[in-house]
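Numbering that gives the first Met the number 0 puts the first residue of the sequence shown at 0, with every later residue one more than the last.
See structure below.
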Amino acid sequence: MYTPKVLFVGETYTAMFTYIRGCDYVTLPNSSRVKGEGFCDMLSGRGIDAQLMSTDAIAEDFPVTMEALQAYDAVVLSDVGSNTMLKKPASGYAVNRLELLREYVELGGGLLMCGGYFSFSGIGNVARYGMTPLAAVLPVDILNYDDRVECPQGIKPVITQSEHSVFEGVGEVWPAFCGYNKVGPRADAMTLATISGDPFITAAHYGKGRSMAFTSDCTPNWATEEFLAWEGNGQFFRNAILWLTGRE
């Protein structure tokens, strides 16, 4: 039985707090969280071999050769900015990981980008994927400014191509989300779902490979408790991986 192998990159953080007492202050790490573990566990429970690479491990551990990258059938980038993906040693040169990813998809790999504060253009435009080689691969037009749309009241996506394989066993009525990254549609991509009239789920072919964009969170923040607990959540992302790997 075929088991797709997926590299899930991102969805980890360390929070730091500054304590001020009059003229004195100290900044200390207060907490860290690996939000991607739940997502990988969800996929693993549905027949996908999902391996998590934390954000702080990218500089040392992200594959830097095509052979190493092609050990995976698909790569998921979630809430990890391009600065982190392009980090180099203090001296010397390094592989452009995003150019390597572009070539990987062109040669037949799958790529999914999920939304967040450090996806697409992101908060303050610091993710800035529109200025990287992945702009040619991702099935959306990335804005050149802060693209976050906050919807604390909740907003539901609208499925526009329910016959697509990613929605098999999922249904057309989805739980609400509390925000997303605003992107533009591309003429060479399929817009499978929208949110507030903007692309929500899009997909495209690139060379021999495939790419997909999911413009809200796949872990807590914009992704609501209702969505994370929803049976369709795991089914959708399983279907998405199968489509990205040509196994739909």
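No residue lacks a Cβ here, since even glycine has one placed at the ideal position from N, Cα and C.
Cβ-based burial, Thr290 [other Cβ within 10 Å; buried from 16]
Lying before the first or after the last residue shown, residue 290 is absent from the chain, which here runs from 0 to 247.
Nearest-angstrom Cα distance between Gly115 and Thr214?
For Gly115 and Thr214, the distance between alpha carbons rounds to 8 Å.
Query raised in the report: Out of Val8, Phe117 and Asn143, which has the shortest C-alpha to C-alpha gap to Leu76?
Result: With distances taken between Cα atoms, Leu76 lies closest to Val8.
Quick check on the DSSP output: the alpha helix (DSSP H) that includes Leu227 runs from which residue to which? Following the DSSP letters along the chain, one finds Leu227 inside the alpha helix (DSSP H) bounded by residues Glu224 to Ala228.
Starting from the Cα of Pro184, find the closest Cα among Asn220, Phe226, Asp140 and Glu171 and give me that residue.
Cα-wise, what sits closest to Pro184 is Asp140.
Can you tell me the Cα-Cα spacing of Asp40 and Gly129, whole angstroms? If I take the Cα positions, the gap works out to 30 Å.
Backbone CA spacing between Asp60 and Asn238 [nearest angstrom]
The alpha-carbon separation between Asp60 and Asn238 amounts to approximately 27 Å.
From Asn95 to Gly107, what does the alpha carbon distance come to, in whole angstroms?
Distance between the alpha carbons of Asn95 and Gly107 is about 19 Å.
Discussion item. Taking the alpha carbon of Asn124 as the reference point, which residue from Trp229, Met0, Ile154 and Asp78 has its own alpha carbon closest?
Written reply: Its Cα nearest to that of Asn124, the residue Asp78 stands out among Trp229, Met0, Ile154 and Asp78.
Checklist entry - For Lys4, which residues of its own chain have a beta-carbon under 6 Å away from its beta-carbon, when the five flanking residues on both sides are left out? => result Only Asp48, Tyr71 and Asp72 meet the Cβ criterion.
Q: Please classify Thr64: is it buried, with 16 or more other beta-carbons within 10 angstroms of its beta-carbon, or exposed?
A: With fewer than 16 Cβ atoms within 10 Å of its Cβ, Thr64 is classed as exposed.
Q.
Can you check which of these residues, Asp146, Gly80 and Ala203, is closest to Leu110 by C-alpha distance?
A. Selected option, being the one with the closest Cα: Ala203.
C-alpha distance - Ala222 paired with Thr131, whole-angstrom precision
Rounded to whole angstroms, Ala222 and Thr131 show a C-alpha spacing of 26 Å.
message = Please tell me whether Gly168 and Glu149 are closer than 8 Å, where the distance is taken between their beta carbons.
response = Taking 8 Å as the Cβ cut-off, Gly168 and Glu149 do not qualify as a contacting pair.
Beta strand (DSSP E) runs contained entirely in the segment 196-224, provided each spans 3 or more residues: You should have 197-205 and 208-213.
Quick check: the Cα distance between Thr193 and Ala212, rounded to an integer number of angstroms?
Near 11 Å, if we compare the C-alpha coordinates of Ala212 and Thr193.
- Which residues in the same chain have their Cβ closer than 7 Å to the Cβ of Arg101, if we skip the five residues on either side of it in sequence? Hits under 7 Å: Pro132, Leu133, Ala135 and Val136.
Ser81 and Arg147: beta carbons closer than 8 Å? No.
With DSSP as the reference, please indicate the residues paired to Ser118 in a beta bridge.
Residue pairing for Ser118: DSSP places it in no beta bridge.
Practice item. Quick one: residues in its chain with C-beta nearer than 8 Å to the C-beta of Phe176, no 5 flanking neighbours on either side, listed in chain order? Key: Closer than 8 Å at the Cβ level, and outside the excluded window around Phe176, lie Cys150, Gly153, Ile154, Lys155, Pro156, Ile194, Ser215, Asp216, Trp221, Ala222, Thr223 and Phe226.
**Candidates Ile19, Phe119 and Ala89, of which the one nearest Asn143 by Cα** = Answer by Cα proximity: Phe119.
By alpha-carbon positions, which one of Gly208, Arg209 and Gly233 ends up nearest to Thr249?
Because residue 249 is not part of the residues shown, which for the chain are 0 to 247, the question remains open.
Decide if Glu98 is buried, meaning its Cβ has at least 16 other Cβ atoms within 10 Å, or exposed. Result: exposed.
Beta-carbon contacts of Thr244 that lie in its chain and below 6 Å, excluding the five residues immediately before and after
In the same chain as Thr244, and ignoring 5 residues on each side of it, the C-beta atoms closer than 6 Å to its own belong to Pro3, Asp72, Ala73 and Gly109, in chain order.
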